[in-house]
Amino acid sequence: MNGLFNVGLTHFLVLGAIVFALGVLTVSTRRNAVSILMGVELVLNAANINYVAFAHYVSGGVSGQVFAVFIIVLAAAEAAIALAIVLAIFREFRTINADETSTLKE
Amino acid sequence: MHELTVVLQRVTETGPMWLIPLFPFVGAVINGLFGKLLQDRVGKSAVHTIAIGVMCGAALLSVIFCIKLAALPEGARNLHSLAFPMVSIGAARFDMAFAMDPLSATMALIITIVGTLIHIYSVGYMHEEPAYWRFFCYLNLFVFSMLLLVLGDNFIVMFFGWEGVGLCSYLLIGFWYTDVAKARAGMKAFIVNRIGDFGFVTGVLFLFWGLGGSWLPSGQYVKDLAPKGNYVQARVVEEPAEPAAERAPAAQEETARVYVGPTLTFSELRNQLALSRADGERPVARLLSQDKTVWGVPLIFLVCLGLFIGACGKSAQIPLYVWLPDAMAGPTPVSALIHAATMVTAGVYMVARLNFLFALSPGAMTVVAGVGALTALFAATMGFFQYDIKRVLAYSTVSQLGFMFIGVGTGAYWAGAFHLLTHACFKACLFLGSGSVIHGMHFLEHKKHAARAGHAEGEHPAADPRLAPDPYDPQDMRNMGGLRKLMPATHWTYLIACITIAGFFPLAAFFSKDEILYRAFVNGNTLIPGPLIWLTGIVAAGGTAFYMFRSYFMTFWFREPTAEMREHVHESPTSMTGVLWVLALASITIGAILGWPHHALLERWMEPVTAIARVQFHDKPFGIELGFSLFSILVAAVGTYTAYYFYKDAARAQERKQALPASFLHKLLYRKYYVDELYEATVLRGTIALSRGLAWFDLHVIDFLVDGTARLGVAASFLGGQIDKWIVDGAVNGLAEAIIAGGRQLRRIQTGRINNYATVVAIGAVALIVIAFLGQ
């Protein structure tokens, strides 16, 4: 039981895996485009947790943190562009349901 | 090593002799391409100015080169001029090269000068002709070909000319090609000439073949597929070495390289035949005349026979003479130029040119002289009772050509060439005189058209043309008579030419014909005795006097001209009568100038040409020679008197008229011994039957095979089509359809739902990780 509460790398990795799984699950199941974007954010943040955890416990230094910061910035930019696209889709189709906007299929 | 000697023919390179034939060629091209334009725009004078201009140019050049030739020393009288090289295959080299020796110089002068005169004459004769330019184009083309023939320095150039004159003859005989009979006459001439040409080519090929390769003593021929000539050194001598003669040591020894081997060039051929060993034997000559045989016949005999068949075709000798009388369908100047003065003498010229070949084979000489004698006699008799004035002259030409062949066949080459020369003058004069008469009688043609227009059905050709003339035929002598008062110039020149051809002293043919007959009598070269040839010839000469004076009296005497003739017949224009006078004058003088007996001018001139031909004559004293001459004048006088007796006026003709047509002989002669009918029945029918048979074979056997092949092809291609349709196309289409079906199935994966894609990506990523994990 000691190991369970003695927080180490494993805990972070398990947390990251859970968040990642939740993100993937969200992306796979949600139909609302904004929800899917939120799932993507979860996946990215799971990656951030892993970076920071590995940086702290394995390599040392701050390169993991720097990567995490970069990813956060990237995610922000991605969210901005994605939301703009969603807005454009809404204007075109009057919906943001991903199932109904499948015209690129053909 | 045998020491060889040679009586060398030295060849002198000279300036552009090829200009001589080029002149008429240019004239022919200009008139051929632009003649119609010129005639329409400028007028007929432009056409004949060009044609006559180029002829004058050629004549002038011929004279210049002839003078150049005469200025050379005797042994070197052979001008040579290369225009351009043509082909060179192995040992065979053909160049467009020209050579002029005394013989070809004489021929070139005859062709260009008589040719020019006849061109001038044609201006008057053809002035009504719409296709004036075409006529002059053909005439120039003919002169060009004829000059190629006589000036060519090898067999190939000669053959070009040989074929060219045949073509022009065909074109000019059929000049009025809308008349079927005339077109047929042209074709007949062409086809008969082709038979001769075949012989000519055979002879040339035999010769070329015979000089190459080698023969074993057993007689077996060893093929040499790439025969090469080689050069030998020989000492040059002036006289041929006699077998037993002591050879005097020469002051300065001259040697020359002589070509030995297959050749087509006359001078090379001549020089290698002139090679002689110290014992007098000539190796190359011996090779041809003794060592090489085909089925036991010396090769030289076959060569000469082939060449002589060619000469027979061109020069209208038995059995190939049939085309010449029909050739009279052409315009009269053409008959004078081509079918009397020049083209028909090509055969005589060729035999004289190749004297060194013919002299090697007594058999060939016998054939030449024998055929000549027979032709002279038979053609003369065929001319006895012809009514068409041009036909009389045609048979006369055939007969005179026979005389020339007697000359060249018995070894009297210069005499043959001499008769050729005099004949060119007096026969051209006769033909042009007859042309002038026909020109005068032309009103009959107009009358015929008028009569035809009047009543279309009014044509009743006489049942037997021997009994009554076609009243509208301007060439039938029975429609003439009494023309001497209406056409005085024509009358006088025709009379002069008649006296000449009959052989009266001192006109041209007396010298030439007598020389031939005398030489025939004393010759020791033919296998048949000379006196026999002489006898045949003298009978023919008597016949000649008869039929020529018959034509003269029938045309110019016989009866008084009718009122109609007085009204219409007129003397021909000066351009025609002037030419007649020139030719008549030449007929009178040329014989005495060139042929005065005993070492005549022309004989000396021709000597270098025949220097190596070994011929012998058993010369008789001058008194006997004179006796021969007197006898032949007597014979001519008898012939002339017979003609005078029967044809001087109509009264005497009356009794003859009763008797003659009934007689079998008259009919036989009038029908020309039925030779045409014989050819018709045998050669012509035979050919037609053969062609019918071949047509049947073609239709039933060849076509069956061809059709069968075609059907097989159709079946095979049907099968191929089915295979293509079902198997090949099936494979291709099946593949395409499989891919389309596969694609349709794969399309289902692409749902267009982003969630599905994300799921698949996630599953894939997990799967990859698991695989990577398991793989460790």
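So the sequences go chain by chain: A and B. At position 21 of the first sequence the residue is numbered 21 (my numbering), and the sequence of numbers has no breaks. At position 579 of the second sequence the residue is numbered 1579 (my numbering), and the sequence of numbers has no breaks. We treat Cβ as the ideally placed atom computed from N, Cα and C, and that holds for glycine. Computed from a predicted structure; not experimentally measured.
Along chain B, which residues have their Cβ under 8 Å away from the Cβ of residue i?
i: A:A98; result: R1753, I1754, N1755
Indicate whether residue i and residue j have their beta-carbon atoms separated by less than 8 Å.
i: B:I1754; j: A:I36; result: yes
i: B:F1142; j: B:I1020; result: no
i: B:H1419; j: B:G1402; result: no
i: B:S1575; j: B:G1124; result: yes
i: B:L1585; j: B:S1436; result: no
i: B:G1310; j: B:D1197; result: yes
i: B:A1379; j: B:V1344; result: no
i: B:V1294; j: B:L1302; result: yes
i: B:A1508; j: B:G1591; result: yes
i: B:L1421; j: B:I1110; result: yes
i: B:A1234; j: B:T1255; result: yes
i: B:I1120; j: B:I1052; result: yes
i: B:T1759; j: A:S28; result: yes
i: B:A1278; j: B:A1341; result: no
i: B:T1375; j: B:I1318; result: yes
i: B:T1005; j: B:S1276; result: yes
i: B:P1474; j: B:I1438; result: yes
i: B:P1262; j: B:N1525; result: no
i: A:I71; j: A:L15; result: no
i: B:K1188; j: B:D1326; result: yes
i: B:G1440; j: B:M1487; result: yes
Should residue i be labelled buried (16 or more other beta-carbon atoms within 10 Å of its own) or exposed?
i: A:K105; result: exposed
i: B:A1681; result: exposed
i: B:R1282; result: buried
i: B:P1333; result: buried
i: B:I1050; result: buried
i: B:P1024; result: buried
i: A:F93; result: exposed
i: A:T10; result: exposed
i: B:F1646; result: buried
i: B:F1308; result: buried
i: B:E1003; result: exposed
i: B:T1687; result: exposed
i: B:T1112; result: buried
i: B:V1351; result: buried
i: B:T1178; result: exposed
i: B:A1248; result: Low confidence applies to B:A1248: its pLDDT is 49, below 50, so where it sits in the model is not reliable enough to give any reading.
Could you tell me which chain B residues have their CB closer than 7 Å to the CB of residue i, listed as they occur along the chain?
i: A:T29; result: N1755
i: A:I36; result: I1754
By the criterion of Cβ-Cβ separation under 8 Å, what are the contact partners of residue i in chain A?
i: B:Q1750; result: K105
i: B:A1772; result: Per Cβ cutoff of 8 Å: no residues; B:A1772 is ~17 Å from chain A at best.
So which residues on chain A does residue i lean against when the C-beta distance must stay under 7 Å?
i: B:A1715; result: By Cβ distance, chain A contributes nothing, its closest Cβ being about 51 Å from B:A1715, past 7 Å.
i: B:A1762; result: V24, S28
i: B:T1759; result: S28
Return no unless some Cβ of chain E is closer than 8 Å to the Cβ of residue i.
i: A:S102; result: The structure shown contains no chain E; its protein chains are A and B.
Sufficient close CB pairs (3 or more, under 8 Å) joining the stretch 97-104 of chain A to the stretch 1053-1067 of chain B: Touching, no, given that fewer than three Cβ pairs across the two stretches are closer than 8 Å.
Contact list for the stretch 71-95 of chain A against chain B, Cβ threshold 8 Å: none
contact_flag[the stretch 1177-1187 of chain B, the stretch 1081-1095 of chain B] where n(CB pairs < 8 Å) is 3 or more: Because the criterion of three Cβ pairs below 8 Å is not met, the stretch 1177-1187 of chain B and the stretch 1081-1095 of chain B do not touch.
The stretch 1530-1537 of chain B touching the stretch 1481-1498 of chain B, judged by at least three CB pairs closer than 8 Å: no
Interface residues of the stretch 10-29 of chain A facing chain B [CB-CB below 8 Å]: Residues of the stretch 10-29 of chain A that bring their beta carbon within less than 8 Å of a beta carbon in chain B comprise V24, V27, S28, T29, in sequence order.
Three-pair Cβ contact test at 8 Å for the stretch 1280-1292 of chain B versus the stretch 1148-1161 of chain B: These segments do not touch.
Any 3 or more C-beta pairs closer than 8 Å across the stretch 1600-1616 of chain B and the stretch 1407-1416 of chain B: Yes, they touch.
Stretch-stretch touch, CB-based, cutoff 8 Å, three pairs: the stretch 1623-1639 of chain B with the stretch 1513-1526 of chain B: Taking a contact to require three or more Cβ pairs closer than 8 Å, the stretch 1623-1639 of chain B and the stretch 1513-1526 of chain B qualify as touching.
Segment contact flag, the stretch 1025-1042 of chain B with the stretch 76-83 of chain A, C-beta cutoff 8 Å, min 3 pairs: no
Three or more C-beta pairs below 8 Å linking the stretch 1350-1357 of chain B and the stretch 1700-1713 of chain B: no
Validate contact between the stretch 1073-1087 of chain B and the stretch 1385-1398 of chain B using beta carbons, cut 8 Å, 3 pairs: no
Sufficient close CB pairs (3 or more, under 8 Å) joining the stretch 1009-1018 of chain B to the stretch 1062-1079 of chain B: yes
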